[in-house]
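**Q** Dumping the structure here so I can ask a few things about it.
Numbering (this note's numbering), first residue to last: 721 to 1118.
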């Protein structure tokens, strides 16, 4: 991807959003499906893995269609369906076939003691109790449908959500060169002894605090996930919900929800509330970084990056990019590692900036990029730039 970006004679590139999506798909297909060629159908398939994933995740009715899919296989019913629904049915059938193939392959490898093809899928199979091993002999067993659902959750977290966050982050770094310098400073130190080798997770990932801060802040303002549905537990309870806008000197007023009420948690409003974040509309990754408070540490590490700490979001902080509580997104860590790996690889060798037109001031060019990012929508499910073809950036070697 980087080589392609640098191949442009003037450094200008308009397909960054599409490119990050393709990259994320390559990563997840390699991790989960041992399929590094995602744009071509494999034997026995009419659609490529990319086409199936893009089609399935491009509509909000896919979860509903999963339940009625067996009933729509009859030719007489299919003849009555619109063409877009037919395309969705084919994509869902093909995607299910892709998942079934890797599940079967993993089961055989695990039971015969062979090298596992996909660590992700094998871990899910083992954790679900579908294969008894010496280290795990769970009585619980997920059905194939439940297993496919868990795999799909990881795919969504590792594909669309992460690629969308990456595209916003790269564009925002182009608009804010000072933040880009700040992140590059960290990368130069962390990767100084890792120039020509692959990044080691244990040694590198925990030290990428500023890179993670960029992810947190981008998710705070441009989190791709839609409002989160929540229900009280137990269902017949009537929890008290604080009404922050009616706070008085006596305290915060609250209202009791009726039993069996489902609520939708507006993550975008929650993460841009003055109650939760100072200056909430400003993109400022530095808000997630703080120096160590220990005086001993300050004296020992007066001016190094090691003296910094990443502020992880806690319950009640207002940051719900991956959800919160026991229902937090199971693909959170995967998306974090993927984001840090990709952004670090991009910034360690290249620089990103906005493109100025003839006689155009830099600030005007940057504002144009911000206007494109702000013109985003969540149709059908995930937040994305409405007109990605208008987003033009310049990418060149550092």
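Think of the CB as a built atom: it goes at the ideal place given N, C-alpha and C, for glycine as much as any other residue. This structure is a prediction, so every number in the text was calculated from the model and none was measured.
Alpha carbons only, please: which of 1043, 1111, 768, 799 is nearest the one belonging to residue 949?
**A** Ranked by Cα distance from residue 949, the first of 1043, 1111, 768, 799 is 1043.
**Q** Between residue 758 and residue 770, how many whole angstroms is the CB-CB distance? I'm expecting something under 8 Å.
**A** 4 Å
**Q** If you count every other CB in all the chains shown that lies within 10 Å of the CB of residue 953, and 16 or more means buried, which is it?
**A** exposed
**Q** Using 8 Å as the threshold, is the stretch 816 to 832 in touch with the stretch 724 to 740, meaning 3 or more CB pairs across them?
**A** no
**Q** Over the uninterrupted beta strand (DSSP E) stretch that includes residue 1111, give me the two end residues.
**A** It is not in any beta strand (DSSP E) - residue 1111 carries neither H nor E in the DSSP assignment.
**Q** Which same chain residues end up closer than 6 Å to residue 913 when comparing Cβ atoms and leaving out the 5 residues on each side of it in sequence?
**A** none
**Q** Output the boundary residues of the beta strand (DSSP E) element that contains residue 1011.
**A** For residue 1011, the enclosing beta strand (DSSP E) covers residues 1009 to 1011.
**Q** Over what stretch of residues does the alpha helix (DSSP H) that includes residue 897 continue unbroken?
**A** 897 to 910
**Q** What did DSSP end up calling residue 1043 once you bin it into helix, strand or coil?
**A** strand
**Q** Which residues bound the alpha helix (DSSP H) around residue 940?
**A** 929 to 942
**Q** Near residue 1004, which residues of its chain fall below 7 Å by C-beta distance, leaving aside the five closest residues on each side in sequence?
**A** 937
**Q** Tell me whether residue 994 is buried or exposed, calling it buried when 16 or more other Cβ atoms sit within 10 Å of its Cβ.
**A** Residue 994 should be labelled exposed.
**Q** How is residue 857 classed by DSSP in three states: helix, strand or coil?
**A** Note that residue 857 scores 47 on pLDDT, short of 50, meaning its location in the model is unreliable; the coordinates nonetheless yield the value given after this. Coil at residue 857, not helix or strand.
**Q** Please classify residue 1051: is it buried, with 16 or more other beta-carbons within 10 angstroms of its beta-carbon, or exposed?
**A** buried
**Q** Is the CB-CB distance between residue 747 and residue 894 below 8 Å?
**A** no
**Q** What are the boundary residues of the beta strand (DSSP E) that includes residue 974?
**A** Annotation for residue 974: the continuous beta strand (DSSP E) segment containing it runs 974 to 976.
**Q** Which value, in whole angstroms, describes the spacing of the CA atoms of residue 722 and residue 815?
**A** 29 Å
**Q** Taking the beta strand (DSSP E) that residue 960 belongs to, which residues open and close that run?
**A** 960 to 962
**Q** Report, in whole angstroms, the separation of the C-beta atoms of residue 945 and residue 1102, which I expect to be a contact under 8 Å.
**A** The pair is a contact, with the Cβ atoms about 7 Å apart (cut-off 8 Å).
**Q** What three-state label does DSSP hand residue 1002 in the structure shown?
**A** Residue state, collapsed to three classes: coil.
**Q** Once you ignore the five residues that flank residue 981 on each side, which residues in its own chain have a CB closer than 8 Å to its CB?
**A** Answer for residue 981: 951, 952, listed in chain order.
**Q** How about residue 809 and residue 929: do their beta carbons lie closer than 8 Å?
**A** no
**Q** To the nearest whole angstrom, what separates the beta carbons of residue 1057 and residue 888, a pair I think is in contact under 8 Å?
**A** The C-beta distance from residue 1057 to residue 888 rounds to 18 Å, too long to fall under 8 Å, and the pair is not in contact.
**Q** Name the residue from 828, 865, 733, 804 whose alpha carbon lies nearest to the alpha carbon of residue 817.
**A** 865
**Q** With DSSP collapsed to three states, give me the class of residue 874.
**A** The answer is helix: DSSP assigns residue 874 an H, G or I state.
**Q** Measuring only the C-alpha atoms, how far is residue 1065 from residue 919?
**A** 9 Å
**Q** Assuming residue 1059 contacts residue 886 (C-beta within less than 8 Å), just tell me the rounded distance between them.
**A** 6 Å
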